[in-house]
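Down below is the structure, laid out as structure tokens.
Have a look at this one:
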């Protein structure tokens, strides 16, 4: 408006009426917060009170805005007797500005005592249109504006290197500026076909439609207002989260804000973020703007559809872990508090949660919990309970437990879990590393009354009778490895099996690796062979399996030595069928005793049996009781009619040995 005032001063100068035309040039001109260079004013008298006027300003600098080539013209300026000016068909052109070149029709009415009107538009700007209506009254300036199809892609020079932006802006607003310095703004609009991407493609928006409403007002160096955003359509990606926005999945963000201390302190109140049933968040926030540090954050979180929330928010960050392929249902209520950029406390209620791994690795159902976590000084107990669970094919019963959570640690009260007709008792379970992201835990455990029959059914094994008791002095997990210290002793088949130093790497991964060694003492072969329908063998069995390694639950290596114990007190008898199967195992061909004269004998006495198998890579080494004539005894006979089972091969391909095992005749059992 300064150029209009200068034209007015020239029009109403005493010389104007006496001259046909006038020209004024100024090298520089300045006001509060701005300065101009290369000013030219032209005035041509058209008769009576009419003039043709024009103004040119070569350069205008009002930090940080830099504008060049401003042309203002009006072919018909009417000067009134009371010192008024009016222009109906004027024009404005700008050669260069942060918004590109500008061109617009212009009209104005200028009166006295700070009373004027200015109309610009439709202004061609950024491939769109902008209409501005300004009105100055004593003590107040009002601007009404409307934007139509403004191209955001033309703002690429304002973006960081490598970023892209496209879309159209539509909206209208009102700005009021009072002489006291008070300012108020209201702007409602919509961004259509909005797309953007960061240089690394980790922040992307595609064909998005966003509605918005902004209010702002300043008083005493403080800005206050309200912002509402509503996503109506499109796709958003913020690594690693992907969000689809449509009529059924709108996205809403709103809140009141206060920007104080010269723009250094931002306070947000009545914050609300919602996305369909995925997430509903209410809260408040204080931010130190120069550093970006969150001084305070308090959020109440509601999740009414955990499956949707998992797919959108959790699954992307769980890729490559067992949690990236689960079905989960239920609801969550929670509260999060943060102070000075540090998470201080979390409270969560889990309501009717169920989780099932789609590959059957694990599952849990009927979860109800009230959880309390604090970084410091938490003495409040949390409660966690569930109705049923499973790990692989092993079913676990329901349980309830009290726990305490502090900083990066979690401690459980003693917990008893029903397991296979018995129970698993966990003592002093402690979890650490929750804040560091390096999970580790340890406990000691007791197994009591585990029914082997239920274990057999769960694993698809032949039926075994009896129960199992065991005490595990220490079990701990760190660096993705589950380790058992001490020995796990199982009382089975009237004997004893002891596991030494069990280790399971990546237990819930695609290919877990199990390493252990075990020893066997005084096992009753008759019970074992009855369970597996191998053919009856009476006697005892002892030995070891060292350096057993399973990868993806497939055998990858071991050193096994199984034999009759010296001084065995059990009778040594072996059936025809057992002899056939052992011969098949050692030599790859059955002797078929039923086709010989020995078919009249149901079983035979034996002195000892032994079999040693050592697997290295793809080859297995076989051995048994040493035999002076060559080969080795798998079964060394005794008394007449004497039957020996002799092995000839000391080395065999592991695949071939597995094939022989598959060919062995087990009643009602398929060996795979």
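Numbering (this note's numbering), first residue to last: 1199 to 1870. We treat Cβ as the ideally placed atom computed from N, Cα and C, and that holds for glycine. These numbers come from a predicted model, not from an experiment.
C-beta contact flag for residue i and residue j at 7 Å
i	j	result
residue 1502	residue 1529	yes
residue 1600	residue 1611	yes
residue 1777	residue 1843	yes
residue 1679	residue 1703	yes
residue 1711	residue 1749	yes
residue 1315	residue 1307	yes
residue 1736	residue 1769	yes
residue 1432	residue 1410	no
residue 1446	residue 1469	no
residue 1773	residue 1734	yes
residue 1413	residue 1424	yes
residue 1619	residue 1649	yes
residue 1656	residue 1592	yes
N-terminal and C-terminal residue of the alpha helix (DSSP H) that residue i is part of
i	result
residue 1505	1504 to 1507
residue 1729	1723 to 1730
Of the residues the options, the one placed nearest residue i, counting alpha carbons only
i	options	result
residue 1240	1544, 1733, 1685, 1251	1251
residue 1640	1354, 1672, 1265	1672
residue 1717	1816, 1730, 1699	1699
residue 1271	1284, 1289, 1277	1289
residue 1853	1833, 1816, 1821	1816
residue 1354	1394, 1492, 1746	1394
residue 1320	1554, 1541, 1300, 1821	1300
residue 1743	1763, 1273, 1706, 1810	1810
residue 1459	1440, 1337, 1420	1420
residue 1565	1546, 1578, 1346, 1559	1546
residue 1552	1504, 1492, 1684	1504
residue 1574	1590, 1584, 1541, 1562	1541
residue 1484	1496, 1478, 1473, 1475	1496
residue 1312	1380, 1339, 1563	1339
residue 1676	1559, 1368, 1631	1631
residue 1337	1274, 1585, 1375	1375
residue 1276	1247, 1834, 1533, 1293	1247
residue 1266	1415, 1292, 1586	1292
residue 1273	1763, 1259, 1242, 1727	1242
residue 1606	1626, 1637, 1587	1637
residue 1399	1426, 1439, 1218	1439
Host beta strand (DSSP E) of residue i (start-end)
i	result
residue 1652	Here residue 1652 belongs to no beta strand (DSSP E); instead the alpha helix (DSSP H) covers 1650 to 1657.
residue 1219	1219 to 1229
residue 1466	1463 to 1473
residue 1734	It is not in any beta strand (DSSP E) - residue 1734 carries neither H nor E in the DSSP assignment.
residue 1802	1801 to 1814
residue 1476	That residue, residue 1476, is in no beta strand (DSSP E); it is neither H nor E in DSSP.
residue 1679	1679 to 1683
residue 1662	From DSSP, residue 1662 is part of no beta strand (DSSP E); its letter is neither H nor E.
residue 1745	1738 to 1749
residue 1352	Where residue 1352 is concerned, there is no enclosing beta strand (DSSP E), given that its DSSP letter is neither H nor E.
residue 1452	1449 to 1458
residue 1407	1401 to 1417
residue 1396	Where residue 1396 is concerned, there is no enclosing beta strand (DSSP E), given that its DSSP letter is neither H nor E.
residue 1607	1607 to 1610
residue 1379	Here residue 1379 belongs to no beta strand (DSSP E), and DSSP marks it neither H nor E.
residue 1246	No beta strand (DSSP E) holds residue 1246; DSSP gives it neither H nor E.
residue 1438	Run containing residue 1438: none; DSSP gives neither H nor E here.
Assigned exposure category for residue i - 16 Cβ within 10 Å defines buried
i	result
residue 1791	Confidence in residue 1791 is poor, its pLDDT being 43 and thus under 50, which makes the residue's placement unreliable; the coordinate value appears in the next sentence. Answer is buried; the Cβ neighbour count reaches 16.
residue 1855	buried
residue 1443	buried
residue 1793	Only weak support exists for where residue 1793 lies, its pLDDT of 44 falling under 50; the coordinates are left without a value.
residue 1866	In this prediction, residue 1866 scores a pLDDT of 37, lower than 50, which makes its location untrustworthy; the coordinate-derived value is nonetheless stated afterwards. Per the 10 Å Cβ criterion, exposed.
residue 1517	exposed
residue 1231	exposed
residue 1519	exposed
residue 1365	buried
residue 1603	buried
residue 1525	exposed
residue 1851	exposed
residue 1418	exposed
residue 1233	exposed
residue 1390	buried
residue 1643	buried
beta-carbon residue i near the ligand FMN non-hydrogen atom, thresh 6 Å
i	result
residue 1838	The model on display carries no ligand, and the ligand FMN is accordingly not part of it.
Start-end ranges of the alpha helix (DSSP H) lying completely within the segment 1249 to 1286, minimum 4 residues | Fully enclosed alpha helix (DSSP H) runs of 4 or longer: not present.
Which full runs of the beta strand (DSSP E) of 3+ residues lie inside the segment 1834 to 1860, going along the chain?
-> Segments of the beta strand (DSSP E) lying fully in the segment 1834 to 1860: 1843 to 1845, 1849 to 1851.
Any chance you could list the beta strand (DSSP E) runs of at least 3 consecutive residues sitting entirely within the segment 1518 to 1599, in chain order?
-> Runs of the beta strand (DSSP E) inside the segment 1518 to 1599: 1524 to 1537, 1540 to 1555, 1560 to 1572, 1580 to 1589.
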